[in-house]
Amino acid sequence: MNHATPRPVQLEWLLAGTLHLGTWLASAAIGLGLALALLESRFSAPKLAILRDMRIATIGIALLILLPVARVIVMLIVYLRHRDYRFSAIALLVLTIILLGFAVGLAGRHSDTPTSPVQEAQRPPPWSRSRQLTVTPHALLAKRASSRQPE
Amino acid sequence: MHCGFTIWLFAVSMGASALGGMLGMAGGIFIVPILAIFGHVDIHVAIGASIVSVIACSCGSAPPFLRGRLTNIRLAITLETATTLGALSGVFLFGVIPVSYLFFLFAVILLVSVQQMMARRDDPLGASAAAPTGRWGAALCLDSSYPEPALGTDIAYRVQRLPMGMMLMFGAGLISALLGIGSGVLKIPAMDTALRLPIKVSSATSNFMIGVTAAASAGAYFMRGDIVTAVAGPVAVGSVVGALLGARILIRASNARIRLLFVVVLVALAAQMLLQAFGIGFSKGPL
Chain E
1 MNHATPRPVQ LEWLLAGTLH LGTWLASAAI GLGLALALLE SRFSAPKLAI LRDMRIATIG
61 IALLILLPVA RVIVMLIVYL RHRDYRFSAI ALLVLTIILL GFAVGLAGRH SDTPTSPVQE
121 AQRPPPWSRS RQLTVTPHAL LAKRASSRQP E
Chain L
1001 MHCGFTIWLF AVSMGASALG GMLGMAGGIF IVPILAIFGH VDIHVAIGAS IVSVIACSCG
1061 SAPPFLRGRL TNIRLAITLE TATTLGALSG VFLFGVIPVS YLFFLFAVIL LVSVQQMMAR
1121 RDDPLGASAA APTGRWGAAL CLDSSYPEPA LGTDIAYRVQ RLPMGMMLMF GAGLISALLG
1181 IGSGVLKIPA MDTALRLPIK VSSATSNFMI GVTAAASAGA YFMRGDIVTA VAGPVAVGSV
1241 VGALLGARIL IRASNARIRL LFVVVLVALA AQMLLQAFGI GFSKGPL
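First to last, the sequence lines map onto chains E and L.
Using my numbering, the first residue of the first sequence is number 1, and each one after it goes up by one.
Using my numbering, the first residue of the second sequence is number 1001, and each one after it goes up by one.
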């Protein structure tokens, strides 16, 4: 019953390292992106610069969301290497369900019909919009207004 | 970008996440109400930001638990099949069920959890080691042990009633996706009462599972365009810092203290959720 004792300890350190590194990387990207966006807004730079710098923070958020996925992939690889096919199958199942979630979101992406080609060109990326911003903080309000206005 | 608002988001998330980390759960459960009530952020944006912060909390605080051998990885990946499936169902239900109903349901679940915690204040340690192994626990080699610094030895424990645990985990995943919370408050009681794990193991394992569960729904919301970077960014960074602080406190604190703090927070949250369910907090909510 205890045949798995030495292996999980190694796996634990591997997972700890992955999560540690991934969290710092993603947080650093988000922090950097936010800091740049704040600096740009302070010195009243062109609005497009704000959008570009928010993109760095958005990439950081994407990294953070992908981190647990990476963690499951690491587990899958380790279980496969140890020929533990039962747990490989379980890890693969979890991975499949998560990816199915991504696919469901992609299929349900909010369609925002643009009224003019100018608006279409200056629309922020789909992930920086929200569906129902009835009560927005100032930042969002300003960002949305600037991104929708033709210059 | 509004500097003051960004810093406020950061500070709130850090505090919420530190408290959550101490209890072995993510801070999303505090973040959603605070952002919606005090920050006047739209509830959907708050949920989107919170689910990202939930991942940040889980991943940021997991390494010390893993190195301390408190996390049962095999049990975690087994239960994650149920939690991610629950999260996927939650994504489908997100637009169908009115949020006010869910807050009410959640308040009820919180109160049931409080009652469970109050009724049984001891760890099921002795009982767990002596108890016969569950059928599934034995088949999947889920039984393990963890180091107890107070005794200086490893304490063995057994995993019991796995099918019941899986069902409760499905529910926890569903609530997690719908409300943008880690639902550690649901996972930990499920692990205590169904699987009969020591509280330190259930806290660490639950925290480890929360990230993967939240990734299933966060991925869907991100792809759908529900996650606003200006709000989710500061909340995520604040949560990582808070989770690091909280995890250090949990490993040093005693079981009885964790449990007492847990009960107090559950009662406070239940009251808050009830207020929101009856529209007192959310007078301008879109739903």
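Ideal Cβ placement from N, Cα and C applies to all residues, glycine included.
As the structure is a computational prediction, the values presented were derived from the model and not from experiment.
- By the beta-carbon neighbour count (other beta carbons within 10 angstroms, threshold 16), His1044/L is buried.
- For Pro1147/L, the beta-bridge partners assigned by DSSP are Asp1154/L.
- Residues of the segment 17 to 28 of chain E whose Cβ lies closer than 7 Å to any Cβ of chain L, in chain order: Leu19, His20, Gly22, Thr23 and Ser27.
- Gln10/E carries a helical assignment under DSSP once its states are collapsed to helix, strand and coil.
- Val1032/L is outside the set of residues whose beta carbon lies under 8 Å from a beta carbon in chain E.
- Nearest CB-CB separation between Glu1148/L and chain E: not below the 8 Å threshold.
- Check the Cα spacing between Ser1017/L and each of Val1099/L, Pro1198/L and Gly1182/L: the tightest is with Gly1182/L.
- Annotated three-state conformation of Leu1142/L is coil, per DSSP.
- Straight across, the Cα-Cα distance linking Pro1234/L with Pro1147/L is about 36 Å.
- For Ser1217/L, the chain E residues whose Cβ falls inside 8 Å of its Cβ are Gly101, in order along the chain.
- Identification of chain E residues near Val1201/L by a Cβ-Cβ cut-off of 7 Å yields none; the smallest Cβ-Cβ distance measures about 13 Å.
- Under the three-pair Cβ rule at 8 Å, the segment 21 to 31 of chain E does not count as touching the segment 1195 to 1212 of chain L.
- Under the 8 Å Cβ criterion, the segment 1070 to 1078 of chain L does not count as touching the segment 1255 to 1270 of chain L, having fewer than three qualifying pairs.
- Phe102/E is a Cβ neighbour of Ala1220/L, given a cutoff of 8 Å.
- Within 8 Å of the CB of Arg1067/L, the CB atoms of chain E belong to Glu12, Trp13 and Ala16, in sequence order along the chain.
- The alpha carbon of Tyr1157/L has as its nearest neighbour, out of Arg1196/L, Ile1034/L and Leu1168/L, the alpha carbon of Arg1196/L.
- Sequence-ordered contacts of the segment 68 to 86 of chain E with chain L read Pro68, Val69, Arg71, Val72, Met75 and Arg86 [C-beta pairs closer than 8 Å].
- In terms of Cβ geometry, Val1114/L and Ala1218/L do not form a close pair [threshold 8 Å].
- Under the three-state reduction of DSSP output, Val1114/L falls in the helix class.
- The C-beta distance from Phe1170/L to Gly1086/L rounds to 4 Å, short enough to fall under 8 Å.
- For Ala1056/L against Ala1230/L, the beta-carbon gap comes to about 16 Å, at or over 8 Å, which does not count as contact.
- Leu38/E belongs to the set of residues whose beta carbon lies under 8 Å from a beta carbon in chain L.
- Ser1145/L and Asp1154/L have their C-alpha atoms roughly 6 Å apart.
- Within chain E, no residue has its beta carbon less than 7 Å from that of Leu1168/L; the closest one is some 17 Å off.
- Against Leu93/E, the close residues of chain L are Thr1081, in the order they occur along the chain (beta-carbon pairs closer than 7 Å).
- Taking all protein chains in view, the Cβ of Leu1260/L is surrounded by fewer than 16 other Cβ atoms within 10 Å, so the residue is classified as exposed.
- Collapsing the DSSP output to three states places Asp1192/L in a helix.
- Residue-level contact by beta carbon holds for Leu34/E and chain L, with a gap shorter than 8 Å.
- By the criterion of at least three beta-carbon pairs nearer than 8 Å, the segment 12 to 19 of chain E is in contact with the segment 1060 to 1069 of chain L.
- Taking C-alpha positions only, Ile1227/L is separated from Leu1151/L by approximately 46 Å.
- Using a 10 angstroms sphere on the CB of Thr1081/L, the tally of other CB atoms reaches 16 or more, which defines it as buried.
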